[in-house]
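Reviewing the structure listed below.
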Amino acid sequence: MDPMETKVVRGMTMRKDPAREACFKVADTDDQMISWPDWSEQSRRERIHRHMNNEITTAEVAAQCLADFPDAPWELRMELARQVWDESRHAAGLYRRLKELGGRKGEYPIANFEWAVSSYLDSVIGRITVMNRTFEAGTMDLMAYIPDGWRQNAGDMETAELLDAIAADEIQHVRFANQWVHKLCGENKRNLLKVVQAVKFLDAAQRAIAPAPGSTNLVGVSVDDVTQSAPINVADRQLADFTDDEISILLKQHDLENLVTGQAAEQGSQ
Ligand SMILES: [Fe+2]
Ligand SMILES: [Fe+2]
Numbered sequence: 056m057d058p059m060e061t062k063v064v065r066g067m068t069m070r071k072d073p074a075r076e077a078c079f080k081v082a083d084t085d086d087q088m089i090s091w092p093d094w095s096e097q098s099r100r101e102r103i104h105r106h107m108n109n110e111i112t113t114a115e116v117a118a119q120c121l122a123d124f125p126d127a128p129w130e131l132r133m134e135l136a137r138q139v140w141d142e143s144r145h146a147a148g149l150y151r152r153l154k155e156l157g158g159r160k161g162e163y164p165i166a167n168f169e170w171a172v173s174s175y176l177d178s179v180i181g182r183i184t185v186m187n188r189t190f191e192a193g194t195m196d197l198m199a200y201i202p203d204g205w206r207q208n209a210g211d212m213e214t215a216e217l218l219d220a221i222a223a224d225e226i227q228h229v230r231f232a233n234q235w236v237h238k239l240c241g242e243n244k245r246n247l248l249k250v251v252q253a254v255k256f257l258d259a260a261q262r263a264i265a266p267a268p269g270s271t272n273l274v275g276v277s278v279d280d281v282t283q284s285a286p287i288n289v290a291d292r293q294l295a296d297f298t299d300d301e302i303s304i305l306l307k308q309h310d311l312e313n314l315v316t317g318q319a320a321e322q323g324s325q
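No gaps in the numbering here: position 8 of the sequence shown is 63 in the working numbering, and each next residue is one more.
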């Protein structure tokens, strides 16, 4: 990639950030961000602000695939184009909610890590492997819990409903990536190598930007206290066409082996 199009973060070369309005302060790592573990008004606005930028970033990754890979199969390009529409709607909905809660664009720092990693890859299969099949699948796991968090901790039904609607769309973004990764690898084994390279690059980038133990963010909160994680969302991963074998491997990676061996399907039907 043209060096003009890249940036170096903690030794890792990645794609340079996409354009943002001057009101935004763009960060590279979690310790350069602002985030609180509580549900105060400012914490609620920051959560929505961050999510809004993540939706924009996802739209940009899909749109950049259309621009960079004009020869990709038409049906895959259509999926990516539909995804851009979905993500744009998600970002607009979150921006509306941010303003209703008294927030504004640029109120908190943003980071475009998912863009910087995904869009650095030089194949469409690499990009959908990382963006849709990894980042968005991880979001799908979180979204099984986040809307209820808004209901129970903030009593904010309106934001929870918006997030439920967004979560429903995300399943299709993961599903089409799964379908196309399997199809392209079936057609040409060299695509499997691109998938492996993409995953290795993602692992290296995540290790590079991981905060040092004990790091705090710009408001003195431990980064560990605001890092979100969630168990594997077996039901939605099945809807998104992860195979039972793939789900079993993920559960093993997350130390949930007791759910493995035949229980994944059962879990998914609940
Ligand atoms: Fe989205
Ligand atoms: Fe999405």
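Heads up, the beta-carbon is just placed ideally off N, CA and C, and yes, glycines get one too.
A check of alpha carbon separations from residue 84 across 260, 202 and 289 identifies 260 as the nearest. Leaving aside the five residues that flank residue 189 on each side, the residues in its chain whose CB is nearer than 8 Å to its CB run, in chain order, 254 and 257.
At least one heavy atom of ligand 1 sits closer than 7 Å to the Cβ of residue 145.
Ranked by how close their Cα comes to the Cα of residue 139, the residues 224, 89 and 102 have 224 in first place. For residue 255, the enclosing alpha helix (DSSP H) stretches over residues 245-264. Using a Cβ distance threshold of 8 Å, residue 82 and residue 166 count as a contacting pair. Taking residue 283 as the centre and dropping the five residues before and after it, the same chain places the C-beta of 197 closer than 7 Å to its C-beta, in chain order. The shortest C-alpha to C-alpha distance from residue 79 to any of 267, 159, 271 and 199 is the one to 159.
Residue state for residue 171 is assigned as helix, using DSSP reduced to three classes. In terms of Cα proximity to residue 77, the closest of 250, 173, 150 and 164 is 164.
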